[in-house]
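Here is the structure we will look at, set down as structure tokens.
There are 2 protein chains.
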Amino acid sequence: MLELAILGLLQEAPMHGYELRKELAAKLGAIRAAISYGSLYPTLRRLQASGWITEAAEATTTAEEVPALTSRRGRVVYKITAEGKERFAQLIAQTGPETYDDTGFGVHFAFFARTDQATRLRILEGRRRKIEERREGLRDVLGRAAERLDAYTLELQRHGLDACEREVRWLEELIANERSGRAPTVPETGTAGGRREDNSPPPPGESRTERP
Amino acid sequence: MLELAILGLLQEAPMHGYELRKELAAKLGAIRAAISYGSLYPTLRRLQASGWITEAAEATTTAEEVPALTSRRGRVVYKITAEGKERFAQLIAQTGPETYDDTGFGVHFAFFARTDQATRLRILEGRRRKIEERREGLRDVLGRAAERLDAYTLELQRHGLDACEREVRWLEELIANERSGRAPTVPETGTAGGRREDNSPPPPGESRTERP
DNA sequence: GTGCGATGTATCGGTCCGATACATCGCGGC
DNA sequence: GCCGCGATGTATCGGACCGATACATCGCAC
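Residue numbers (the numbering used here), protein chains in the order written: chain W, 5 to 216; chain X, 5 to 216.
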């Protein structure tokens, strides 16, 4: 998952570790906290070893004129390679069971703008199926095993069930929208005043600036 | 976290691994999928080594009369010890940062019936604080960085924000209820004579919207 | 000029997951 | 009778990811 996320972000711009972490937090803030360096750096190393990213060390203008007694550890900027882009395309289109858990789905969804429509639909439906199963499980417990559980546990299940139902509805909307060939339209989320209504959909194929 | 959950479940009744996993799934179904055996068995081993649980091997009536050519691997029933109960009491009352993340909060909440009111309040408020912070982060991104992100990413954030707002409201309700409610204190069931009877825990959110 | 918070790279131990293996049990179908 | 098959049941292994920690630089306020 981390691998996919990093490759996706580096596709937008070269970055160093710290930056990557922040961008990741901004992009995935809805589904998980900031990623740990204990995962980030080893993964970067692995990606580099696989040839999917390269190190583009900071252009310390007029570089080694400064002897640097303490071997200055400059920040390391990473950049995706052509192979890396291929790898990303492969990972983003390939779905497995892990694609539908909370984190996996979140990461895939965050890069939907770079995903073809058929895959988007497949992922949304897979996610919906999974959440529906969770929902059924919770209904079962609340129905059949209710008297075995205390009030707090029951309340937890109820809250979870509510979240499931809500997510299914959200997914239904997205799926319908996807089928009709449009990007997500903004449903009335109670809050939020004037959000720009013209969220011009990212046309299935992305139209981002290629290679800055 | 797993340790706490296992100790809590075994406090209700002795169980073997498989059963433990199912009960865990039923009790925590709202927050996480079934726990993996790759975590469960090593943890059971650790708990046993620490003296918090003991192995109460199946009461194979008239035991070793059967030679058992293939050394029959019976199921292993675990039972909490007095030290284990102490350990549980300590873990359930002690709060750290991990108490407020999704899993940690879920596990603590699931055992609220065995938690004193002051701790319950502390945990609920800590969780609320954490979710409020997440909410602010999402609002920031949606407000300040909106044009940097594509429509899908924004939609993800909106959905996350919605979930945060909803959870905060849920927590507010629980907190209000806690402050005005009476303390339940559930004694041990199963083991030893349960002296005090009928403690109907507080109705956490009895005023929910209708549910089938 | 000094402390201090943000930026920045890196490692280590530990928790938990997913895949896999293997054995027993009850039951329906042939 | 017996055969397969799904549920029950215990167990291990490699890998992903986290949290704590360490250490270094930079800009800026006091």
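C-beta: ideal position from N, C-alpha, C; glycine also.
Just to confirm my understanding: we take residue i, look at its own chain, exclude 5 residues before and 5 after, and list those with CB closer than 8 Å. What are they?
i: X/VAL145; result: LEU153 and GLN161
i: W/ARG50; result: GLU7
i: W/ALA29; result: ALA37, ALA38 and ILE39
i: X/THR47; result: LEU6, GLU7 and ILE10
i: W/SER43; result: LEU6
Between residue i and chain W, is there a C-beta pair that is closer than 9 Å?
i: X/ILE96; result: no
i: X/VAL172; result: no
i: X/THR157; result: yes
i: X/ALA149; result: yes
i: X/GLY108; result: no
i: X/ARG132; result: no
i: X/HIS20; result: no
i: X/LEU6; result: no
i: X/ALA167; result: yes
i: X/LEU160; result: yes
i: X/ALA114; result: yes
Classify residue i as buried or exposed, calling it buried when 16 or more other Cβ atoms lie within 10 Å of its own Cβ.
i: W/ARG131; result: buried
i: X/GLY12; result: buried
i: X/TYR45; result: exposed
i: W/LEU24; result: buried
i: W/GLU151; result: exposed
i: X/LYS26; result: exposed
i: X/ALA117; result: buried
i: W/ALA114; result: buried
i: W/GLY88; result: buried
i: X/GLU90; result: exposed
i: X/ALA9; result: buried
i: X/GLY141; result: buried
i: W/GLU182; result: buried
i: W/LEU175; result: buried
Does residue i get closer than 9 Å to chain X when you measure Cβ to Cβ?
i: W/ALA29; result: yes
i: W/ILE84; result: no
i: W/GLN121; result: no
i: W/PHE92; result: no
i: W/ARG50; result: no
i: W/GLY141; result: yes
i: W/ILE35; result: yes
i: W/LEU13; result: no
i: W/ARG138; result: yes
i: W/VAL145; result: yes
i: W/GLY164; result: yes
i: W/ALA180; result: no
i: W/ARG215; result: Below a pLDDT of 50, predicted positions are generally treated as unreliable, and W/ARG215, at 43, falls in that range; the measurement from the model is reported next regardless. With 9 Å as the cut-off, W/ARG215 does not count as an interface residue toward chain X.
i: W/LEU125; result: no
i: W/ALA117; result: yes
i: W/LEU24; result: no
i: W/LEU44; result: no
Quick one: residues in its chain with C-beta nearer than 6 Å to the C-beta of residue i, no 5 flanking neighbours on either side, listed in chain order?
i: W/LYS83; result: PRO18, THR58 and ALA60
i: X/THR123; result: ALA97
i: X/LYS134; result: TYR104
Taking residue i as the reference, which of the options has the closest Cα?
i: W/ARG159; options: X/GLU171, X/GLY141 and X/GLU151; result: A small fix is needed here, since residue 159 of chain W is Glu in this sequence, not Arg. The residue with the shortest Cα to Cα distance from W/GLU159 is X/GLU171.
i: X/GLY100; options: X/GLU87, X/GLU129 and X/LEU28; result: X/GLU129
i: X/MET5; options: X/PHE92, X/ARG79 and X/TYR22; result: X/PHE92
i: W/ILE96; options: W/GLY147, W/ARG49, W/ALA38 and W/GLN15; result: W/GLN15
i: W/GLN121; options: W/ALA155, W/ILE10, W/ALA34 and W/LEU178; result: W/LEU178
i: X/GLY33; options: X/LEU51, X/GLY110 and X/GLY55; result: X/GLY110
i: X/TRP56; options: X/ASN181, X/ARG138, X/ALA86 and X/ARG173; result: X/ALA86
i: W/GLU7; options: W/GLY78, W/THR107 and W/ARG79; result: W/THR107
i: W/GLU136; options: W/ARG49, W/HIS20 and W/CYS168; result: W/CYS168
i: X/ARG79; options: X/ALA9, X/HIS20 and X/ALA155; result: X/HIS20
i: X/HIS163; options: X/ARG139, X/ALA149 and X/ARG173; result: X/ARG139
i: W/GLN52; options: W/VAL81, W/ARG148, W/GLY141 and W/ALA155; result: W/VAL81
i: W/TYR41; options: W/LYS31, W/ARG143, W/TYR22 and W/SER54; result: W/TYR22
i: W/ALA155; options: X/SER54, X/THR157 and X/THR119; result: X/THR119
If I measure Cβ to Cβ from residue i and keep anything under 7 Å in the same chain, skipping five residues before and after, which residues do I get?
i: W/ARG126; result: THR99
i: W/LEU165; result: ARG139, LEU142, ARG143 and LEU146
TODO: Report the residue ranges of all beta strand (DSSP E) runs contained in full by the region 94 to 165 of chain X; include only those spanning at least 3 residues, in chain order.
DONE: Runs found: none.
Task: Sequence ranges, alpha helix (DSSP H) only - wholly within the region 13 to 72 of chain X, length at least 4 - done: For the region 13 to 72 of chain X, whole alpha helix (DSSP H) runs of length 4 or above, ordered along the chain, are 21 to 32 and 41 to 53.
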